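Start counting the sequence shown at 9; every next residue gets the next number (the working numbering).
Accompanying notes for the structure given below.
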Amino acid sequence: MTDFLTNSHDLNSSGMDDFSSRSSEVARDTWKKFLELLSQNLRQAEIKTWFSVIVPKDFENNVLTIQVPSTDFYAMIEKRYNKEINGIIESGLLGKGGKLKYVVYQQGLFETPRTDNPAQTKITDFKYPYGSSQQKKENGEVFSSNLLIRHTFENFVKGESNELAVAAAFAIANNPGGSYNPCLVYGGVGVGKTHLVQAIGNEILKRNPDKRVYYLTTPDFTNQFTTSIARDKFDFSNGKGGAKKLDSFYKSLDVLILDDIQNLEGKPGTQDFMYQIFNSLYNQKRQIIFSSDKPISQLKSIEERLISRFQWGITVDIQPPSWEMRVAIIQKKLEEANINDVPDDVIHYIATNIKDSIRSLEGCIVNIIAESLLVTKSEINLELAERVVHKFLGTVRRSKSVSIENIIFATAEYFKISENQILSRKRTKEIAFARQIAMYLAKEMTNYTLESIGLNFGGKDHATVLYSHNMIKENLKKNNELHDIVADIKSALAKL
Ligand code: ADP
Ligand code: MG
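Now the structure itself:
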């Protein structure tokens with residue numbers, strides 16, 4: 009074991025130290041900085057694969073203690089990344105004579121939450137917000153684009169399913185505010201919308217670092233807006249109040265990227281605000297980019313005037329990836345993680361079995377790498393891939409979000425009534441009962457708000473949904489028959 013001890017790195021396999029919470033907080037911050045520095049030299053996928061399982065434990069007397077899953081893991085990091093790690097230590101991040109001390113994970117020694125394999129869960133949960141690099145503007149304003157550095161064109165695999173979207177994205181990066189304005193990217197969940205719209209932003213910034221490029225998701229946009237109203241009672245008619253600051257911030261942007269606009273459904277106030285910003289930016293030939301996971305025509309309860317604005321420029325879609333494209337993506341992700349020796353039959357097997365989205369594909373690959381690295385400690389072969397894919401498909405299926413459409417369908421089937429009757433306003437006893445159960449399930453099984461659920465039930469208001477949910481929930485406690493009905497519908501849903 010002493011073979012791989014170096015001057016600046018110590019390995020301690022006992023790991024019995026009792027770390028105080030204050031120094032572990034400092035350790036966390038220091039480790040975060042460490043990772044940020046590493047990310048300047050390593051690809052994100054490498055960091056995700058190799059460093060996300062490391063837990064910072066303690067920082068005292070310029071010694072940063074980090075916990076690794078095993079001595080093998082330590083040895084591999086040493087072998088691959090010694091140069092980069094030493095570079096950071098030498099840069100003085102840990103202070104004079106700084107050292108990195110490794111301790112090896114032993115069950116029960118640390119308070120880290122444990123599932124069957126802590127390392128794996130850590131990898132998939134990895135969320136360091138790299139590179140939403142902050143710029144300091146001349147007027148002292150701190151401006152952050154919110155873009156992740158890893159979302160670039162270079163990392164984005166092109167293929168038939170996203171050809172048009174990529175072509176439009178390049179055109180926009182070449183000439184922001186030009187003829188592709190606004191641009192709306194639409195496609196299912198996990199097909200690469202966020203990656204692509206952020207890649208446009210990153211490319212524009214690369215060419216012109218002074219541009220004010222700003223990315224955010226629609227829920228964040230809504231939050232910003234409602235918070236500023238709550239704080240200062242903004243009045244659009246005279247432009248006075250706290251949201252005015254927000255308003256002028258948005259109107260000062262060169263490029264606005266608003267992700268997931270399907271979340272504007274049923275929020276008229278936010279839509280109004282969006283509309284004002286849109287007009288102002290558009291008139292000044294500033295680029296606006298939207299994404300949505302539904303085609304515009306299917307967005308419910310969004311003002312006509314806003315819908316028509318969305319369609320002024322170009323609309324491009326991203327389709328689910330074909331088999332060939334999935335193969336290309338798997339190869340790219342393995343290459344990014346610096347893993348080169350995976351046989352073709354393994355890659356083909358994964359591509360054949362993980363079909364639903366690129367996000368799943370990525371998740372599955374991370375699990376396969378982790379399994380080979382931490383559990384079997386062997387090469388990635390077909391047997392290992394099969395095992396992980398099976399497990400992965402099991403979890404994906406269980407956690408896959410249920411759609412409101414399916415809930416309505418399954419409930420209607422159960423009661424032998426039509427879906428339209430559930431969506432209607434009919435109040436006959438049976439229909440009203442079925443509707444209440446479906447609303448209850450929608451609230452329990454999806455992440456939609458009461459408002460959105462109401463909309464999806466043929467435009468009911470949120471109070472109706474709330475009432476139904478409470479009613480069923482209360483009755484479930486005392487009524488076994490109801491319990492069975494709900495269980496039957498749920499199991500029918502699982503089979504859809
Ligand atoms: P969406 O926003 O459509 O739900 P994301 O853009 O978040 O999907 O993509 C999910 C994951 O898949 C991200 O980690 C992203 O980097 C990756 N990804 C998506 N499309 C591609 C692609 N064409 N090439 C490489 N990686 C991709
Ligand atoms: Mg997204």
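All C-beta atoms in this analysis are idealised placements derived from N, C-alpha and C, irrespective of residue type, glycine included.
Remember, it's a predicted structure, so these values are computed and weren't measured experimentally.
How would you write the range of the beta strand (DSSP E) that V197 sits in, first residue to last? No beta strand (DSSP E) contains V197, which DSSP labels as neither H nor E.
Can you tell me which of the three DSSP states T73 falls into? In the structure shown, T73 falls within a strand segment according to DSSP collapsed to helix, strand and coil.
Less than 8 Å between the C-beta atoms of A442 and T419, yes or no? yes
Excluding sequence positions up to five away, which residues of its chain have a Cβ less than 7 Å from the Cβ of T384? L392
According to DSSP, is P276 part of a helix, a strand, or is it coil? helix
Quick one: is the Cβ of K219 within less than 7 Å of any heavy atom of the ligand ADP? no
Within the stretch 147-235, note down every full beta strand (DSSP E) run reaching 3 residues or more, in order along the chain. 150-152, 191-195, 221-225
Under 8 Å between the Cβ atoms of A173 and I304? no
Can you grab the Cα-Cα spacing for the pair G195 / P227, in whole Å? 18 Å
Starting from the N-terminal end, write out each residue whose C-beta falls within a distance shorter than 7 Å of any non-hydrogen atom of the ligand MG. K201, T202, D267, D268, S299
With a 10 Å radius around its C-beta and 16 neighbouring C-beta atoms as the bar for buried, classify R315 as buried or exposed. Here residue 315 turns out to be Ile, not Arg, going by the sequence shown. When all chains shown are included, I315 counts as exposed.
Got a sec? Which residues, its chain only, sit under 8 Å from T132 by beta carbon, not counting five neighbours each side? Low confidence applies to T132: its pLDDT is 26, below 50, so where it sits in the model is not reliable, and the reading given next is rough at best. Hits under 8 Å: G371, V374, N375.
The alpha helix (DSSP H) spanning K65 covers which residue range? Annotation: K65 is outside any alpha helix (DSSP H); the continuous beta strand (DSSP E) that includes it extends over 63-68.
Suppose the cutoff is 8 Å on Cβ atoms and the five residues either side in sequence are ignored; what does the same chain contact list for T230 look like? Result list for T230: N271, L272, K275, T278, in chain order.
So if DSSP puts K412 in a beta bridge, which residue, or which two residues, is it bridged to? Checking the displayed sequence, the identity of residue 412 turns out to be Ile instead of Lys. Partner(s): none; I412 has no beta bridge.
Measure how close the beta-carbons of D66 and S99 come, nearest whole angstrom, since I'm counting them as under 8 Å. The pair is not a contact, with the Cβ atoms about 21 Å apart (cut-off 8 Å).
Would you list the residues sitting across from Q295 in a DSSP beta bridge? Answer by DSSP bridge pairing, in chain order: V263.
Buried or exposed: which applies to K481, given that a residue is buried once 16 or more other Cβ atoms fall within 10 Å of its Cβ? Label assigned to K481: exposed.
Which residue or residues does DSSP assign as beta-bridge partners of I326? G195
Identify whether L108 lies in helix, strand or coil by the three-state DSSP scheme. Three-state result, L108: strand.
Cα-Cα separation between E312 and S60, rounded to whole angstroms: 45 Å
For G185 and T235, what's the separation of their Cα atoms in angstroms? In this structure, the CA atom of G185 is about 30 Å from the CA atom of T235.
Using 7 Å as the cut-off, classify the Cβ of I355 as near or not near the heavy atoms of the ligand ADP, replying yes or no. no
Reducing DSSP to helix, strand and coil, say where E119 ends up. Bear in mind that the predicted position of E119 carries a pLDDT of just 29, short of 50, making it unreliable; the figure below should be weighed with that in mind. E119 falls in the coil class under three-state DSSP.
In the DSSP assignment, what are the bridge partners of S300? Paired residue(s): Y194.
Can you name, in chain order, every residue of its own chain whose Cβ lies under 8 Å from the Cβ of N348, other than the five neighbours on each side? The residues are L342.
Let me know the secondary structure DSSP gives N455 once reduced to three states. coil
Indicate the three-state DSSP secondary structure (helix, strand or coil) for F257 in the structure shown. helix
Let's see if you can read the secondary structure: which residues bound the alpha helix (DSSP H) around M350? At residue 350 the sequence reads Val, which differs from the Met that was named. Per DSSP, V350 belongs to no alpha helix (DSSP H) and is neither H nor E.
Status (buried if at least 16 other CB within 10 Å, exposed otherwise) for G116: Caution applies to G116, whose pLDDT of 33 falls short of 50 and renders its modelled position unreliable; the value that the coordinates give is listed next. Looking at its Cβ environment, which holds fewer than 16 other Cβ atoms inside 10 Å, G116 is exposed.
I'd like to confirm something about N170: is its beta-carbon nearer than 7 Å to some heavy atom of the ligand ADP, or not? yes
Expected contact under 8 Å - CB spacing of R158 and Q52 to nearest Å: 4 Å
Just mark K56 as buried or exposed, buried being the case when its beta carbon has 16 or more other beta carbons within 10 Å. The residue in question, K56, is buried, as its Cβ has 16 or more Cβ neighbours within 10 Å.
Return yes when the C-beta of N154 is under 7 Å from any heavy atom of the ligand ADP, and no when it is not. no
Can you have a look at W39 and say buried or exposed, based on whether 16 or more other CB atoms are within 10 angstroms of its CB? buried
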